[in-house]
Structure formats: C-alpha cells, structure tokens
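Working notes, structure below.
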Amino acid sequence: MTIQWFPGHMAKAKREVQERLKLVDFVIELVDARAPQSSQNPMLHEVLEQKQKLIVLMKKDLADQQLTNKWLEHFKEQGHDALAVDVNQKGDVQAIVKQAKQMGQSINEKRKEKGIKPRSLRAMILGIPNVGKSTLINRLANKKRAQTGDKPGVTKKQQWIKIQGEFELLDTPGILWPKFEDEEVGYKLAAIGSIKDQILHLDDIAVYALKYMRDNYPDVLKDRYKLDLEEEDIVLWFDTIGKKRGCLASGGVIDYEKTADVIIQDLRSGKLGGITFDQPNR
Ligand SMILES: Nc1nc2c(ncn2[C@@H]2O[C@H](COP(=O)(O)OP(=O)(O)OP(=O)(O)O)[C@@H](O)[C@H]2O)c(=O)[nH]1
0 MTIQWFPGHM AKAKREVQER LKLVDFVIEL VDARAPQSSQ NPMLHEVLEQ KQKLIVLMKK
60 DLADQQLTNK WLEHFKEQGH DALAVDVNQK GDVQAIVKQA KQMGQSINEK RKEKGIKPRS
120 LRAMILGIPN VGKSTLINRL ANKKRAQTGD KPGVTKKQQW IKIQGEFELL DTPGILWPKF
180 EDEEVGYKLA AIGSIKDQIL HLDDIAVYAL KYMRDNYPDV LKDRYKLDLE EEDIVLWFDT
240 IGKKRGCLAS GGVIDYEKTA DVIIQDLRSG KLGGITFDQP NR
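Just so you know, we're using numbering that gives the first Met the number 0 here: the sequence shown kicks off at 0 and counts up by one.
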C-alpha cells in the first residue's frame, strides 16, 4: 500500500495518532539522518503537546557522519534526547533501549513525586513513511514481526510488545505525512526515497541531487563519476555518467531516464558515501 496524502488522509492520520498517544507515556520520533529536518512531520510538536520524546536519526549509515553529530548536538541543545542509529548495528538498537529506560525512570520519578505509583512505561514509534519504523520495531522486538518494504506506506496491525523488560512498545507505529509545502524539501525527501518516485520526475530529482552534491560534496562527484564541475551544463554531466554506466538507448544515445535512475540508486544505496541534505542552523 502506498499512502497518498490528501487532506482527508492527513486529518485521519492525525486523529489516529492523537488517539493512540493517550495510551503512551513517551514517543520515539524517527527522522531520517539524511534529512533530519525535512523528514520531521510539520505538526508533530502540536500533536505531542507535553509528551516527552526521544528523537532517533535513522539510517545513519547512509548519512554524513559529521552532520549527524551536528544534528544530535542541535536536538540536544533544543532540550531533546536524541540518538543516531543504523538498525543493522545491535549496539545502536541497544542504545535506544538504554535511553528509553532512562526516560522511563525519570518519568516514574515525576509520577512518584506526584504520589502516583510507578509502573512499566509505554511508548510508541512515530514517523513519516519509509523512515524505518517497522524495521526498528522488529529489531527492538528481536523478531520478524511488522511487514517492511522499500516503498513508502507498508505498515499494519496493533499490540504491545515488551522490550527487554524495560518498557512496552505499541506494535503499530504512527505514520504521519512529511513536509511538502516547500519544493526544495520535496526534492530532498524524493532524493532519500521518502516520497513516491511518481510525484516528482526522476530526472529532476537527480538534477537536484547532483547540484546539491556539487555544492556540498564536490569530491564525491569527481571521484565517483569523474565529472568536470566547471562544466555548467548538467546535460553534459548526464552524458558522462550515462556513458560510464552504460545507460544507452537504441542507436547508442544516452538514456537520461536510466541515467537518472542510476544516480538516485547510487545515492540511496550509500554508494556515493554519506550524504545529508539538511544542515543545522541554515
Ligand atoms: N541503510 C539503512 N536502511 C534502513 C535502516 N532502517 C530502515 N532501513 C530501510 O528502510 C526501508 C524502509 O523501512 P520500513 O521499516 O519499511 O519503514 P517504515 O517507516 O515502516 O515504512 P512505512 O510502512 O512506509 O511507513 C527498508 O528498506 C529498510 O530496510 C537503517 O538504519 N539503515
């Protein structure tokens, strides 16, 4: 299933999340480490009200490590607990459990001060499509549970899962829409695969990504694609990349669509190294 975010769907998603928020003590907000700002839901803070949250920057293995560290500092300066993870690293997943345990303890201490009996704390995972919600639930539960997929929009069903005796996690994550008012944010989200490829043209996404890399990661383009960055005509960049990667149509002409696809797949799979599209304090 792929979600298309029409106003009706957005209102329904908001309502569902608000309902389920009543059941939990804190939330684990997932953002994509490659675009920690653009991959936040625009109104999450409003929905959360006073609820404590742990921000988890997912897919750190695909992001620029230096910027990930800056983003962590940035979120901490804002008073949030924040962590960056690669779900394939057990230690990273364990760090979430440890942090959640600490949050639970501090919430329980506050309860105690108010004369409320401490109890096992409950949490839910929230995030935009394809950020890694189901994968993280699976890893935390240490089981193959929720269905996961490469395409945005594949999560269902509901139950509590005990996480190492430390807290209880709602089996179904809350899915919220990404930001899409701003065109540049749209390109960033498309580049990292958070919105459907059909919404923006593949070649426009590739052009956006190439220009961003020219400005922020020039060495990647020089090393990986041997591009002449003095050359301003992006079509010639496509020619170079297309030729190098065998993206040819009949008659030996460059297939630009195929070339765009190669660029995007290289980017999303991490073949170009860690790339991050949002910079803190910019
Ligand atoms: N490289 C990398 N890939 C990850 C990581 N976490 C998740 N993924 C991949 O991201 C893709 C999407 O993961 P899902 O768990 O299906 O994402 P979701 O947020 O549940 O998606 P929806 O069901 O669309 O809301 C999958 O291909 C995962 O393997 C990570 O830390 N690193």
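Where is the CB? At the ideal position from N, CA and C, for every residue including glycine.
Quick caveat, the model's predicted, so the values are computed rather than measured.
Of all the options the options, which has the alpha carbon lying nearest to the alpha carbon of residue i?
| i | options | result |
| --- | --- | --- |
| Tyr186 | Ser37, Leu61, Lys257 and Cys246 | Ser37 |
| Lys243 | Glu229, Ile262 and Glu230 | Ile262 |
| Tyr216 | Val30, Phe5 and Gln65 | Gln65 |
| Pro6 | Lys257, Lys21 and Phe179 | Phe179 |
| Phe166 | Asn107, Ala189, Ala83 and Ile194 | Asn107 |
| Ile136 | Ile115, Pro117 and Gln158 | Gln158 |
| Pro183 | Lys58, Asp63 and Asp277 | Sequence check: residue 183 is Glu here, not Pro. Taking only the C-alpha atoms, the option nearest Glu183 is Asp277. |
| Trp70 | Lys89, Asp60, Leu43 and Pro35 | Pro35 |
| Leu120 | Lys270, Glu72, Glu229 and Ser105 | Ser105 |
| Asp170 | Ile191, Ala140, Val234 and Ser193 | Ala140 |
| Leu61 | Arg19, Lys210, Ile191 and Lys13 | Ile191 |
| Glu230 | Lys210, Gly241 and Met57 | Lys210 |
| Ile162 | Asp63, Lys113, Val206 and Lys100 | Lys100 |
| Leu271 | Val46, Lys11 and Asp63 | Asp63 |
| Ala208 | Ile274, Asp222, Lys195 and Asp181 | Ile274 |
| Lys21 | Leu47, Asp260, Gln197 and Leu56 | Leu47 |
| Lys195 | Asn129, Lys58 and Lys59 | Asn129 |
State the DSSP-derived secondary structure class of residue i, mapped to helix, strand or coil.
| i | result |
| --- | --- |
| Ala145 | Because Ala145 sits at a pLDDT of 49, beneath the cut-off of 50, its placement in the model cannot be relied upon, and the point is left open. |
| Asp31 | strand |
| Trp159 | strand |
| Val130 | coil |
| Phe5 | coil |
| Thr154 | Any reading at Thr154 needs caution, since the residue's pLDDT is 49, under 50, leaving its predicted position unreliable; the model's value is listed next. If DSSP states are grouped into helix, strand and coil, Thr154 belongs with coil. |
| Arg267 | helix |
| Ala140 | helix |
| Gln17 | helix |
| Ala10 | helix |
| Phe25 | strand |
| Ala248 | coil |
| Lys121 | The sequence given here has Arg at residue 121, not Lys. Note: Arg121 maps to strand in three-state DSSP. |
| Ile115 | coil |
| Ile233 | helix |
| Ile240 | helix |
| Asn280 | coil |
| Ile253 | strand |
| Ile274 | coil |
Less than 7 Å between the CB of residue i and some heavy atom of ligand 2, yes or no?
| i | result |
| --- | --- |
| Asp85 | Questions concerning ligand 2 fall outside what the structure shown contains, since the ligands it does hold are ligand 1. |
Taking only the alpha-carbon atoms, compute the straight-line gap between residue i and residue j and give it to the nearest angstrom.
| i | j | result |
| --- | --- | --- |
| Asp91 | Glu15 | 29 Å |
| Asp214 | Ser268 | 21 Å |
| Met102 | Val252 | 58 Å |
| Gln98 | Gly164 | 14 Å |
| Asn68 | Val30 | 14 Å |
| Ile95 | Met9 | 29 Å |
| Thr154 | Leu220 | Reliability fails at Thr154, whose pLDDT of 49 lies under 50, so the model's placement of it is uncertain and the value that follows must be treated cautiously. Between Thr154 and Leu220, the C-alpha separation is close to 36 Å. |
| Gln264 | Ala189 | 12 Å |
| Lys225 | Met212 | 13 Å |
| Asp85 | Gly250 | 43 Å |
| Arg118 | Phe237 | 59 Å |
| Ser133 | Met42 | 22 Å |
| Ala32 | Gly131 | 11 Å |
| Arg110 | Lys116 | 7 Å |
| Ala145 | Pro279 | Low local confidence applies: a pLDDT of 49 at Ala145 is under 50, so the model's placement there is unreliable, with the coordinate-based value given in what follows. Going from the Cα of Ala145 to the Cα of Pro279 covers about 33 Å. |
| Asp232 | Thr239 | 11 Å |
| Phe74 | Asp80 | 7 Å |
| His44 | Asp218 | 37 Å |
| Ile160 | Leu168 | 5 Å |
| Arg138 | Arg19 | 22 Å |
| Leu82 | Glu72 | 10 Å |
| Lys11 | Asp181 | 23 Å |
| Cys246 | Asn87 | 32 Å |
Within 8 Å (strictly less), CB to CB, does residue i reach chain B?
| i | result |
| --- | --- |
| Lys75 | The structure shown contains no chain B, having only a single protein chain. |
query: Any chance the region 170-180 sits against the region 118-127, with 3 or more Cβ pairs inside 8 Å?
result: Yes: at least three Cβ pairs fall under 8 Å.
Complete beta strand (DSSP E) runs within the region 164-213 (minimum length 3 residues, chain order): Taken in chain order, the unbroken stretches of beta strand (DSSP E) that lie wholly in the region 164-213 and span 3 residues or more are 166-169.
- prompt: Do the region 52-59 and the region 24-44 meet, that is, are 3 or more Cβ pairs less than 8 Å apart?
  reply: Yes, they touch.
task: Would you mind listing the beta strand (DSSP E) stretches within the region 53-110 that are 3+ residues and don't spill past its ends, in chain order?
output: Annotation note: the region 53-110 contains the following uninterrupted beta strand (DSSP E) runs of length 3 or greater, listed N- to C-terminal: 80-83.
- request: Would you check if there are 3 or more beta carbon pairs closer than 8 Å linking the region 192-207 to the region 256-274?
  value: Using a C-beta cut-off of 8 Å, the region 192-207 makes contact with the region 256-274, since at least three inter-stretch Cβ pairs fall below that distance.
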